[in-house]
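Chemist: Under this note's numbering, think of the first position of the sequence shown as 552, with each following residue one higher. Each residue gets a CB set at the ideal place from its N, CA and C atoms; glycine is no exception. Before we start, here is the structure in question, set down as structure tokens.
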Amino acid sequence: MVSLNTSYHCPCRHHLRFLLAPVAARPDPPTPEHSFLFPGERNDLCLSVSQSTNPLLSIDSKAEDAFTKAFNNNSAWRRSLAETEPELFESLGKGQSPQILWIGCADSRCPETTILGLKPGEIFCHRNIANILTATDINSLSVIQFAVQYLKVKHIIICGHTSCGGIAAALDNKKLGLIDTWLMPLRAIRRENLALLNSLDEKERALKLVELNVRQGAKVLHENPVVIDAIQERGLQVHGLIYNVGTGELRELDIGEDDDVVKSRTIAFKTE
Numbered sequence: 552m553v554s555l556n557t558s559y560h561c562p563c564r565h566h567l568r569f570l571l572a573p574v575a576a577r578p579d580p581p582t583p584e585h586s587f588l589f590p591g592e593r594n595d596l597c598l599s600v601s602q603s604t605n606p607l608l609s610i611d612s613k614a615e616d617a618f619t620k621a622f623n624n625n626s627a628w629r630r631s632l633a634e635t636e637p638e639l640f641e642s643l644g645k646g647q648s649p650q651i652l653w654i655g656c657a658d659s660r661c662p663e664t665t666i667l668g669l670k671p672g673e674i675f676c677h678r679n680i681a682n683i684l685t686a687t688d689i690n691s692l693s694v695i696q697f698a699v700q701y702l703k704v705k706h707i708i709i710c711g712h713t714s715c716g717g718i719a720a721a722l723d724n725k726k727l728g729l730i731d732t733w734l735m736p737l738r739a740i741r742r743e744n745l746a747l748l749n750s751l752d753e754k755e756r757a758l759k760l761v762e763l764n765v766r767q768g769a770k771v772l773h774e775n776p777v778v779i780d781a782i783q784e785r786g787l788q789v790h791g792l793i794y795n796v797g798t799g800e801l802r803e804l805d806i807g808e809d810d811d812v813v814k815s816r817t818i819a820f821k822t823e
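Written out as structure tokens, the structure is:
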């Protein structure tokens, strides 16, 4: 017979005591402050407690419905695509050969494949908060190297967007915890362009920082040795775009450089 060690601090020990005690001696059901379950987390030993008495055990029906809808949509999407592109999934199962690397924001309103009207397999993507690119982020650097060196993409797009929460946070001075560390490169851009940004109204200031951030991302790309080699050897192109979430329109920035800039950068950053 298995004995219960009451000195063991199991997250559900209050519920165990409640379930195993004689009916007459059972204490009141545990209150939320005695439970260590997170919202939506389920535990078989705790499910006997009425969910109406413990809001921590209740399931967000709206969130569940959103997942169910999304999951069920997969069947309809798959059938529809199989009808219009009968060989697509078989082709995707054999590998990928996208011509575009998209570097954008993780914002839910900016799905790159949808924005560009493309199909699965046509775009390789990397997204993060505020589409920040630095020369020391191994995550984005790995994506860039894989896309350029191994997938042989022909275009790299760095895309910012209007109404960006990361941009708004960088223009504010509130403490955000770990996100503050991530936003440091963006706040550095703000500092370097403080006079210009302060001369603009709130909406224009945010849009200008979006543009400056895209230009900085393009600069980081142009200084990447793998990108430099691909530009010289096979004509890889880098593009800077701004997506308007309110209209669905893409706008391209002029990020062209004169020959002297290209030459000096190549001397400084190209590796052999």
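(1) Considering only the beta carbon of each residue, do I707 and I654 sit closer than 9 Å?
(2) Tell me the DSSP secondary structure of E823 in three-state form.
(3) Can you look up G646 in the DSSP assignment and give me helix, strand or coil?
(4) Among all the DSSP beta bridges, which residues are the ones paired with I666?
(5) Write down the C-beta distance between I680 and G728 rounded to the nearest angstrom, noting that I regard them as a contact closer than 8 Å.
(6) Using the C-alpha atoms, what's the distance from F640 back to T665?
(7) I need the straight-line Cα distance from G591 to E615, nearest angstrom please.
(8) Measure the CB-CB distance between N682 and C710 and report whether it falls below 9 Å.
(9) Checking contacts by CB at 9 Å: is Q767 closer than that to chain C?
(10) Quick check on S554: does DSSP put it in helix, strand or coil?
(11) Identify whether L763 lies in helix, strand or coil by the three-state DSSP scheme.
Modeler: In short, the structure shows the following:
(1) Contact: yes.
(2) Three-state DSSP puts E823 in coil, outside helix and strand.
(3) coil
(4) None; I666 has no bridge partner.
(5) No, I680 and G728 are not in contact; Cβ-Cβ is about 13 Å, not under 8 Å.
(6) 18 Å
(7) Confidence at G591 is low in this model, with a pLDDT of 46, below 50, so its placement is unreliable and no value can be given for it.
(8) A Cβ-Cβ contact shorter than 9 Å links N682 with C710.
(9) Judged by its chain identifiers, the structure shown contains no chain C, having just a single protein chain.
(10) No answer about S554 holds up, because its pLDDT of 48 lies below 50 and its placement is not dependable.
(11) helix
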